[in-house]
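For the sequence shown, position 88 matches number 88 in the numbering used here, and the numbering has no gaps at all. Here a beta-carbon is modelled for each residue, glycine too, at the ideal position from N, C-alpha and C. Remarks on the structure that follows.
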Amino acid sequence: MTFTKIAYETRDGIALLTLNRPERTNALDQEMLGEINAAMDRAEADVDVKAVIVRGAGNAFSSGFDLKAQMEARPVGVDAWRPVLRKDFDTVMRFWHCPKPTIAMVRGACLAGACELALACDMTIASDDAFFGEPELKFGAGIVVMLLPWIVGPKIAKEIILLGEDRVSAQRAAEIGMINRVVSADRLETEAMRVARHISAIDPGLVKETKRALNRALETQGMLQALESALEIDLSIEGAASADKIAFFDVARREGLRAAIAWRDARFPTREG
1 MTFTKIAYET
11 RDGIALLTLN
21 RPERTNALDQ
31 EMLGEINAAM
41 DRAEADVDVK
51 AVIVRGAGNA
61 FSSGFDLKAQ
71 MEARPVGVDA
81 WRPVLRKDFD
91 TVMRFWHCPK
101 PTIAMVRGAC
111 LAGACELALA
121 CDMTIASDDA
131 FFGEPELKFG
141 AGIVVMLLPW
151 IVGPKIAKEI
161 ILLGEDRVSA
171 QRAAEIGMIN
181 RVVSADRLET
191 EAMRVARHIS
201 AIDPGLVKET
211 KRALNRALET
221 QGMLQALESA
231 LEIDLSIEGA
241 ASADKIAFFD
251 VARREGLRAA
261 IAWRDARFPT
271 REG
């Protein structure tokens, strides 16, 4: 498969999957999701690949699922939304279920669906200029992959999601357990590769089975069933089309996404502290 919206290479037994739409802040559209799945198929089938790093081209990881593409496609109703959300969900969860360790290498924006993708990875290493968040509720959308409460606990997850936080600093993300470590931007790739090489030196069968055991610690508590239930709730949210989302896209179609985001943010009080 020829990739146009991602880049894929292997280096020292490590697959590097790069989200490659820097002109769109690496927004995840349906074509890119297909390419991500194809790249993950390739990495999983390659016996020489011992770990997978996912990163973004340019100055950001990703702004999340592509709002412009959604605005143009205009899906309406549950039947139209079901295959879209299913593909969104399954692609993010590829990184959780991958039999090889997955590492998100994050700089700049890592928001919404992209934040969920980073959460699904086994480890997340971020530069000190990275920021995270789940802003979906602020423009009338739901959460596709409700991983956050399983990673940081319900209280903090509710704060981030219900407030639509979109500027959680890398330092704060590390404090609450969203990510593993923070390094300077000039050390980000070096550190991610160092961690990947360390894991790659361990017997891959041992790593695979131990990752499976670690994942089961949450899965036996009902995580996978809860995620599927949350996806069904999101499907009902998108199928019904909230008034907030209709208004957001009305502004976006008239004046552009930048204006719509400004309209969205102007609706909320400025937070202090």
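Give the straight-line distance between the Cα atoms of K208 and R94, rounded to the nearest whole angstrom.
14 Å
Out of I199, R253 and I261, point me to the one whose CA is closest to M123's CA.
Checked all of I199, R253 and I261; the closest Cα to M123 is I199.
Exposure of D29, with buried meaning 16 or more beta-carbon neighbours within 10 Å:
buried
Buried versus exposed call for D46 [16 or more other C-beta atoms within 10 Å across all chains shown]
The residue is exposed, with fewer than 16 neighbouring Cβ atoms inside 10 Å.
By a C-beta neighbour count over all protein chains shown, 10 Å radius and 16 as the cutoff for buried, is K5 buried or exposed?
buried
How about D90 and G108: are their beta carbons less than 8 Å apart?
no
Kindly give me the distance between the Cβ atoms of T18 and A7, rounded to whole angstroms, as I take these residues to be in contact under 8 Å.
4 Å
Does P274 pass the burial test, meaning 16 or more other C-beta atoms within 10 Å, or should it be called exposed?
Given a span of 1 to 273 for the chain in the structure shown, any question on residue 274 remains unanswerable.
Cβ atoms of K87 and V49: under 8 Å apart, would you say?
no
Buried or exposed for A114, please, with buried defined as at least 16 other CB atoms from any protein chain shown within 10 angstroms of its CB.
buried
Here's a check: name, in chain order, each residue in its chain whose Cβ is nearer than 6 Å to the Cβ of A126, leaving out the five neighbours to either side.
V106, A170, I179 and V182
Counting pairs of beta carbons, one from the region 201–216 and one from the region 67–78, are three or more of them closer than 8 Å?
No, they do not touch.
Can you check which of these residues, V145, A104 and L188, is closest to E228 by C-alpha distance?
Considering only alpha carbons, the answer is V145.
Using a threshold of 8 Å, state whether the C-beta atoms of A43 and V54 are closer than that.
no
Own chain partners of L231 with C-beta closer than 6 Å, once the 5 adjacent residues on each side are dropped:
F89
Need the endpoints of the beta strand (DSSP E) that V111 sits in, please.
Just to set this straight, residue 111 is Leu in the shown sequence, not Val. First-last of the beta strand (DSSP E) with L111: A109 to L111.
Kindly list the residues whose CB is nearer than 7 Å to the CB of D244, restricted to its own chain and excluding five residues on each side of it in sequence; keep chain order.
F139 and G140
Less than 8 Å between the C-beta atoms of R258 and D12, yes or no?
no
C-beta contact flag for L137 and I161 at 8 Å:
yes
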